[in-house]
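Note that numbering that gives the first Met the number 0 gives residue 197 to position 198 of the sequence shown, counting from 1, and the numbers run on in steps of one. Glycine is no exception: its CB is placed at the ideal position from the N, C-alpha and C atoms.
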Amino acid sequence: MAHAASGVSMMDEGRRVAGIVLAGGRGSRMGEGGKSLRRLGDRTLLECVWERAAGQVGVLLLNYNDDPGGLPVPAATVLPDPVPGYPGPLAGVLAGLEFLREHRPDLCWMASFPCDSPWFPRNLVSRLLMEAERCGAPVAVAAADGRMQPVFALWSVVVATRLRTALLEGAQRGVGAFLRGLPHVCVDWSASDEDPFFNINTPEELALAERRLADERRGR
């Protein structure tokens, strides 16, 4: 796929793809209140991720299991986990894929974005889509310097049935474990000085993120 030669922009490609921000976890390591609504600078983590993801996809969904009233993204289509027991990010992926299958059959790809990683690449979706279509793989997964980042992935809607079966059987709840049994392609980014997939799970990591944000603002 020669995107540059054909003049197709990243946003043009993104319109063929839906996205889902995964904020359905309990975030217990962050303490009371979870992490998606914790603030980084003057915005919540959810807002930071939402803004970066929205520029890369045509439709953006939200996986969220608590009361959605008062969310900082009020226009979002909010999807709770479709299976019980908080089985993790795969439940959010399934929620999005099944929503697309029922309501948006024109969209056959969905990108997943965790709510706790605000610096992921702005060309994430375009590169994942290019490699998935080039290789004919139903899933494309991001990696940083060879280390897989499985929650940052592009999923074909055809995966939905197999994913639901795996979750209901309880055999595979981790994203990496599920992917090991599924054809997929990894797409690598260089971490350089700053990890593009840095994620925030604890108050200490949130403090590191605040320092990184302050350094970025001083560098402008």
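Item to check | Residue nearest to SER35 in terms of C-alpha spacing, selected from HIS183, ASN198 and HIS102 | outcome: ASN198
Item to check | As assigned by DSSP and simplified to three states, the class of THR201 | outcome: coil
Item to check | C-beta contact flag for LEU153 and ALA131 at 8 angstroms | outcome: yes
Item to check | C-beta contact flag for HIS102 and ALA136 at 8 angstroms | outcome: no
Checklist entry - When burial is assigned at 16 or more other CB atoms within 10 Å of the CB, is THR43 buried or exposed? => result buried
Item to check | Cβ-based burial, TYR85 [other Cβ within 10 Å; buried from 16] | outcome: exposed
Checklist entry - How far does the beta strand (DSSP E) with PHE151 in it reach, from first residue to last? => result 146-155
Checklist entry - When you compare each of PRO113, GLY87, ARG100 and CYS107 to LEU61 by their alpha carbons, which one comes out closest? => result PRO113
Item to check | C-beta contact flag for GLN55 and LEU99 at 8 angstroms | outcome: no
Checklist entry - With burial defined as no fewer than 16 other Cβ atoms inside 10 Å of the residue's Cβ, what is the status of ALA3: buried or exposed? => result Low confidence applies here, because ALA3 scores a pLDDT of 33, under 50, leaving its location unreliable; read the following figure in that light. By the neighbour-count rule (16 or more Cβ atoms within 10 Å), ALA3 is not buried but exposed.
Item to check | Reduced DSSP category for LEU93 - H, G, I as helix; E, B as strand; rest coil | outcome: helix
Item to check | Selection from GLY68, PRO73, LEU96 and ARG121 that minimises the alpha carbon distance to PRO81 | outcome: LEU96
Item to check | Three-way DSSP call (helix, strand, coil) for VAL184 in this model | outcome: strand
Checklist entry - With a CB to CB cut of under 7 angstroms and the five nearest residues on each side skipped, what residues in its chain are close to PRO71? => result THR43, LEU45 and GLU46
Checklist entry - When the Cα of LEU89 is compared with those of ILE19, TRP49 and ASP65, which residue comes out closest? => result ILE19
Next on the checklist: Suppose only complete runs of 3+ residues qualify. What are the beta strand (DSSP E) ranges in the segment 28-112, listed by chain order?
Outcome noted: 58-62 and 76-78
Next on the checklist: Spatial neighbours of PRO67 within its chain, please: C-beta separation below 6 angstroms, excluding the five flanking residues on both sides.
Outcome noted: VAL77
Checklist entry - Since PRO195 and PRO120 are thought to touch, with beta carbons under 8 angstroms apart, how far apart are those beta carbons, to the nearest angstrom? => result 5 angstroms
Item to check | For LEU128 and VAL16, believed in contact at Cβ under 8 angstroms, the rounded distance | outcome: 6 angstroms
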